[in-house]
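This report refers to the structure that appears directly beneath it.
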Amino acid sequence: MKKLFFAALAACFCAVSFAQEGQPLNQLTEQEKELGFELLFDGTELSPEIWQSGIDGYPVKDGYFVCDKGGNLETKKAYSDFILRFEFKLPTDRSGNNGVGIRTTAANLDAAYNGMELQIINEDYQGIAPWQQHGSIYGIIPAKTGAQKPKGEWNYEEVIAIGPYIKVIVNNVLIVDADITDAKPIHNAEHPGLHNKSGFVGFLGHGDPVQFRNVRILSLAK
Numbered sequence: 188m189k190k191l192f193f194a195a196l197a198a199c200f201c202a203v204s205f206a207q208e209g210q211p212l213n214q215l216t217e218q219e220k221e222l223g224f225e226l227l228f229d230g231t232e233l234s235p236e237i238w239q240s241g242i243d244g245y246p247v248k249d250g251y252f253v254c255d256k257g258g259n260l261e262t263k264k265a266y267s268d269f270i271l272r273f274e275f276k277l278p279t280d281r282s283g284n285n286g287v288g289i290r291t292t293a294a295n296l297d298a299a300y301n302g303m304e305l306q307i308i309n310e311d312y313q314g315i316a317p318w319q320q321h322g323s324i325y326g327i328i329p330a331k332t333g334a335q336k337p338k339g340e341w342n343y344e345e346v347i348a349i350g351p352y353i354k355v356i357v358n359n360v361l362i363v364d365a366d367i368t369d370a371k372p373i374h375n376a377e378h379p380g381l382h383n384k385s386g387f388v389g390f391l392g393h394g395d396p397v398q399f400r401n402v403r404i405l406s407l408a409k
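According to our numbering, the sequence shown is numbered sequentially starting from 188.
Shown next as structure tokens:
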């Protein structure tokens with residue numbers, strides 16, 4: 188498992204700058220095509236063949252989709268080990284509260300507890316705990332801060348999940364580097380889905396108008 192993880196991680200880091208610089212909007216790069224990435228959003232619609240649950244809560248505008256009513260927007264396909272890439276833009280006047288849900292085993296469950304939620308939020312939002320900062324595995328692993336661009340700019344994020352190893356990279360900065368094998372909640376709540384092996388991937392909105400584009404995923408499962 189560790190050998191596979193570090194091999195995939197090395198390939199991922201080699202591709203990060205390429206994925207950002209000159210990334211065609213809502214298209215796969217030639218390198219991503221060769222690696223086998225799947226495009227999850229083509230810039231025109233959230234396809235019901237790819238997505239389920241909260242499609243109506245995320246309208247498409249000018250090549251991106253934005254959290255409106257929010258809710259859980261989840262893939263119809265389950266993923267176990269994967270590399271997820273996307274860009275996000277946070278609002279300038281709100282916290283931007285959203286999240287990336289991974290390994291959630293049924294639609295419309297609370298991914299923070301029935302899988303994992305990786306926080307999406309403005310870093311300067313006041314009054315949140317370290318385990319609520321952007322990129323944190325909610326309630327489990329705090330993330331480093333300082334990687335976000337100024338408000339109103341697009342940020343690049345990459346999530347690598349291989350077994351119990353979870354890494355989150357924002358704008359080429361590694362903000363989470365975790366082995367959750369023995370991880371336990373650091374707040375007063377149970378997380379029964381923390382060690383799920385596989386599940387849906389998606390976005391978890393609370394009504395703040397966070398924008399997303401260039402969403403693609405590479406399954407590493409064999």
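Ideal Cβ placement from N, Cα and C applies to all residues, glycine included.
Since the model is a prediction, treat every value here as computed from it, not as a measurement.
Given a threshold of 16 other Cβ atoms within 10 Å of its Cβ, counted over all protein chains shown, does residue i qualify as buried or as exposed?
| i | result |
| --- | --- |
| V397 | buried |
| P337 | exposed |
| D268 | buried |
| G314 | exposed |
| E219 | buried |
| G333 | exposed |
| P235 | exposed |
| D280 | exposed |
| V253 | buried |
| K354 | buried |
| E304 | buried |
| V363 | buried |
| A316 | exposed |
Which same chain residues, not among the five before or five after residue i, have their C-beta less than 8 Å away from its C-beta?
| i | result |
| --- | --- |
| E340 | K276 |
| L212 | G230, G250, R400 and N401 |
| A294 | Q239, S240, N259, E261 and F387 |
| A197 | Summary for A197: the model assigns pLDDT 49, below 50, so the residue's position carries little reliability; its value from the coordinates is reported in the next sentence. Answer for A197: no residue qualifies. |
| Q335 | L277, N309, E310, H321, N342, V357 and N358 |
Who are the near neighbours of residue i in its chain, counting only those whose CB is closer than 7 Å to its CB and skipping five residues on each side?
| i | result |
| --- | --- |
| I307 | F275, G283, N285, G286, V287, H321 and V397 |
| G326 | A299, W318, P372, I373, H374, A376 and H378 |
| T368 | P351 |
| L215 | F224, L226 and R403 |
| Q210 | T216 and N401 |
| A265 | S385, G386 and F387 |
Could you check how far apart the C-beta atoms of residue i and residue j are, in whole angstroms? I think they sit under 8 Å.
| i | j | result |
| --- | --- | --- |
| F224 | I404 | 7 Å |
| K263 | I237 | 6 Å |
| I270 | L361 | In fact, because the Cβ distance is near 14 Å, the residues do not count as touching under 8 Å. |
CB-CB under 6 Å to residue i, same chain, minus the five flanking residues each way: which ones, in chain order?
| i | result |
| --- | --- |
| E345 | R272 and I356 |
| N301 | T291 and G380 |
| A365 | I328 and I353 |
| K189 | Confidence at K189 is low in this model, with a pLDDT of 49, below 50, so the placement of that residue is unreliable and no value is reported for it. |
| G394 | G257 |
| K331 | I362 |
Closer than 8 Å: is that where the CB of residue i sits relative to any heavy atom of the ligand SAH?
| i | result |
| --- | --- |
| D268 | Summarising the ligand content, the structure contains no ligands, and the ligand SAH is consequently not present. |
Should the segment 236-251 be called in touch with the segment 298-315, which here means at least 3 C-beta pairs below 8 Å?
no
Would you mind listing the alpha helix (DSSP H) stretches within the segment 329-403 that are 4+ residues and don't spill past its ends, in chain order?
none
Ranges of the alpha helix (DSSP H) found wholly within the segment 216-297, counting only runs of at least 4
217-222
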